[in-house]
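Everything in the sequence shown is counted per the numbering used here, starting at 5 for the first residue and increasing by one. We put the beta carbon where it would ideally sit given N, CA and C, even for glycine.
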Amino acid sequence: MSNIKKVAVIGTGVIGVGWIIRFLAHNKIVYAFDKNINLKKKIILEIKRTWPYVKKLFNKKKLNLKNFYFFSSIEETLKNADFIQECAIENYELKIELLKKIGNYAKSKSIISSSSSGLLPTRIYSKCNNPERGIIGHPFNPVYLLPAVEIVPGKKTSIKNLDIAKKFYKSISMNPIMVKNELPGYLSDRLQEALWREGLHIINEGYATTEELDRAIEDGPGLRWSLMGTFLTFHLAGGQTGMKHMLEQFGPALKLPWTKLKAPKLSKKLSSRLISGTKKQAKGKSIQQISNIRDEYLVDLQRLRKKYENKIR
Ligand SMILES: NC(=O)c1ccc[n+]([C@@H]2O[C@H](COP(=O)([O-])OP(=O)(O)OC[C@H]3O[C@@H](n4cnc5c(N)ncnc54)[C@H](O)[C@@H]3O)[C@@H](O)[C@H]2O)c1
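Have a look at this one:
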């Protein structure tokens, strides 16, 4: 159980709004701030767009927008919050200064959690007072539907605060992944980034389009991944003796040039292949239309997964 009721969200872009929606769905009082002080209307539109999916996934009856406050002052936003989710853009200098400011205005015992995708917490909290309350709470887009959150400690984070954060995220229907020690990119983005970089090489060298590479995941590994990750999947790839035979058979392939890993240069040519490729894949549909399809699918998929995940975990 978590006693935390009042939460603040700093930075209300894609991820900040996602957190706002998840918090509201779990009856939290949400105070929000963005350096662009004109975002309130846009946020409310997004809350309303996503509500049918959120309502279905969490069996909620009604949306209580009265619990949502958007302030034009960061001081006002932070003063009553017990948990703060920082969601400004991914940049060391910006986060160091912003977290220093948050530390100054927040209550001294409030937990501060950064949504960073891979920056080191010890560094981003280096100017924040009471750094024992600073953690990473790295979510996945769309935050209002996906349960994963990576909790990463900095060198000064206290165990007690990690535990409070874990309980809090569980109370909003998330499955926290406790990362033992900080590492750049944490766990999930290390894996995602390897796939992304490999894809960039393949597109850069002209072997496939963005659509062909997406198909290569969607129809194969992607279907398996929502139930079991790479390691358990490869255990099955080894037949009756599992991973042992898998390693005997595919171990030698580790020496073949099957990966380039170091990212290619993001040249104009490569960027335009990525942009025109994904535009073609969208087939004229807007980001909002595609998001609706994705959200409906993710709700149905998670309902299906519930039937099977207890058997495998
Ligand atoms: N987009 C993703 O898929 C994703 C997934 C997981 C984590 N994240 C992480 O979440 C964070 C936010 O990413 P995003 O995709 O929502 O970015 P975004 O660009 O959509 O939104 C960032 C918001 O922060 C605001 N902002 C910038 N500086 C600020 C400041 N000093 N004070 C207050 N507001 C400020 C901007 O005005 C903007 O509204 C990043 O750290 C990112 O790495 C992103």
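- Between the C-alpha atoms of phenylalanine 254 and glycine 242 there is a straight-line separation of about 9 Å.
- In this structure, the C-beta of leucine 98 approaches ligand 1 to less than 7 Å from one of its heavy atoms.
- DSSP, read as helix, strand or coil, puts phenylalanine 87 in strand.
- Around the Cβ of arginine 137, a 10 Å sphere holds 16 or more other Cβ atoms; the residue is buried.
- Scanning Val13, Leu149, Ile33 for the CA closest to the CA of glutamate 90 turns up Val13.
- The Cβ-Cβ distance between alanine 169 and isoleucine 139 falls below 8 Å.
- Contact check between the stretch 179 to 186 and the stretch 146 to 159: three or more CB pairs, one atom from each, fall below 8 Å, which counts as touching.
- By the Cβ-count criterion, isoleucine 297 is exposed, with fewer than 16 other Cβ atoms from all chains shown falling within 10 Å of its own Cβ.
- Secondary-structure assignment with DSSP links lysine 10 through a beta bridge to Ile33.
- Of Phe62, Val34, His239, Glu215, the smallest CA-CA separation from leucine 251 is found for His239.
- If one requires a minimum length of 3 residues, the beta strand (DSSP E) runs lying completely within the stretch 104 to 134 are 115 to 118, in chain order.
- Scanning Ser119, Ala212, Ser114, Pro125 for the CA closest to the CA of threonine 282 turns up Ala212.
- Taking 8 Å as the upper bound for CB-CB distance, leucine 274 and leucine 204 are in contact here, some 7 Å apart.
- Measuring C-alpha to C-alpha distances from arginine 26 to each of Gln196, Tyr301, Tyr173 identifies Tyr173 as the nearest.
- Here asparagine 95 is exposed. Its C-beta has fewer than 16 other C-beta atoms within 10 Å.
- Not one heavy atom of ligand 1 is found less than 7 Å from the C-beta of phenylalanine 254.
- Set against 7 Å, the gap from the CB of glutamate 154 to the closest heavy atom of ligand 1 is not smaller.
- Per the Cβ contact rule, the stretch 118 to 129 is in contact with the stretch 154 to 167 (3 or more Cβ pairs under 8 Å).
- Here the stretch 69 to 81 lies against the stretch 26 to 37, with 3 or more beta-carbon pairs under 8 Å apart.
- Within 10 angstroms of the beta-carbon of alanine 36 lie 16 or more other beta-carbons, which makes it buried.
- For asparagine 208 against proline 256, the beta-carbon gap comes to about 27 Å, at or over 8 Å, which does not count as contact.
- For serine 230, the closest C-alpha among the options Lys160, Gly141, Asp304, Leu191 is that of Asp304.
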